[in-house]
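Down below is the structure, laid out as structure tokens.
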Amino acid sequence: MRLIDGFVLAGGQSRRMGQNKTALLLGGKTLIDRAADALFPVANTVYAVGNLTHQITSLPIIQDHPIMGDTRGAIVGLYTALVNAKTEWVAVLACDLPFVTGELMTRMVDIMRHGAELQMNDVDAVFAEQPDGRIQPLCGLYRRDRCLPEIEKMLSDGEWRLQQLGVRLKTRVIGFSEIKDIQGAEFLFFNMNTPEEYRLAVEIEKRCDSSPF
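Numbering (our numbering), first residue to last: 184 to 396.
Written as structure tokens, this is what we have:
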């Protein structure tokens, strides 16, 4: 039994994109559906978090929980996911990371569970390392009862930068060397926020489709 709830983070204003990026198509699927497909192999249920309608997605929708009257910022979506999760561990994935795959999420969960078998009970979250050495907190696994209070403290301190999670939480960072064998690894953390990045994503998708792996 998979004791993990999955959440596609689909909030944000899409200002740099100039249109609602959640409904953009890539490889014949919306960005929300691509993210959901990556989460389904590891999650009991997958939810979409954001100010969405069922015209965009058939996933169960959870509206962003306003923080101090503000629904902007990725940390709002993460907070909303943790507040609504029903499982100890929570998998989150932002829809603007369109090349994250089920293989990556499965690898992350396997590493998390292996750590639990080794009594790594002090781990609060599992993040993957990007090729540039930075962590990507919007593709991660979070232990709800430990992470939610820390995120609430961050917000009360006026700290909205997600990269601070790597400092405040006890994390297991999966090095890029541990996932570089995954097909298309160099594009896993490609972040798509502008029309130019969308056009590049379309080209990457075509290249991956034609690549003889």
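Think of the CB as a built atom: it goes at the ideal place given N, C-alpha and C, for glycine as much as any other residue. Predicted model, so just to flag it, every value in this text is computed and none were measured.
Query, Result
"Considering only C-alpha positions, which residue in the set GLU379, TRP272, ILE334, HIS237 is nearest to GLY349?", "ILE334"
"Select from ALA384, ASP364, LYS269 the residue whose C-alpha is nearest the C-alpha of LEU331.", "LYS269"
"Under 8 Å, with one C-beta from each stretch per pair, do the region 228–238 and the region 284–295 reach the 3-pair mark?", "no"
"Skipping 5 residues on each side, what residues in its chain have a beta carbon closer than 7 Å to that of ALA368?", "ILE362"
"Just how far apart, CA to CA, sit ASP315 and VAL356?", "14 Å"
"Three-state secondary structure (DSSP) at LYS269?", "coil"
"Would ILE187 be called buried (16 or more neighbouring beta carbons within 10 Å of its own) or exposed?", "buried"
"May I ask which residues mark the beginning and end of the alpha helix (DSSP H) holding ALA221?", "214–222"
"Using only the alpha-carbon positions, how far apart do GLY260 and HIS248 sit?", "7 Å"
"Using the DSSP secondary-structure output, state which residues sit across from VAL191 in a beta bridge.", "ALA231, LEU276"
"Which residues bound the alpha helix (DSSP H) around VAL350?", "348–351"
"Tell me the residue span of the beta strand (DSSP E) that contains ARG326.", "318–326"
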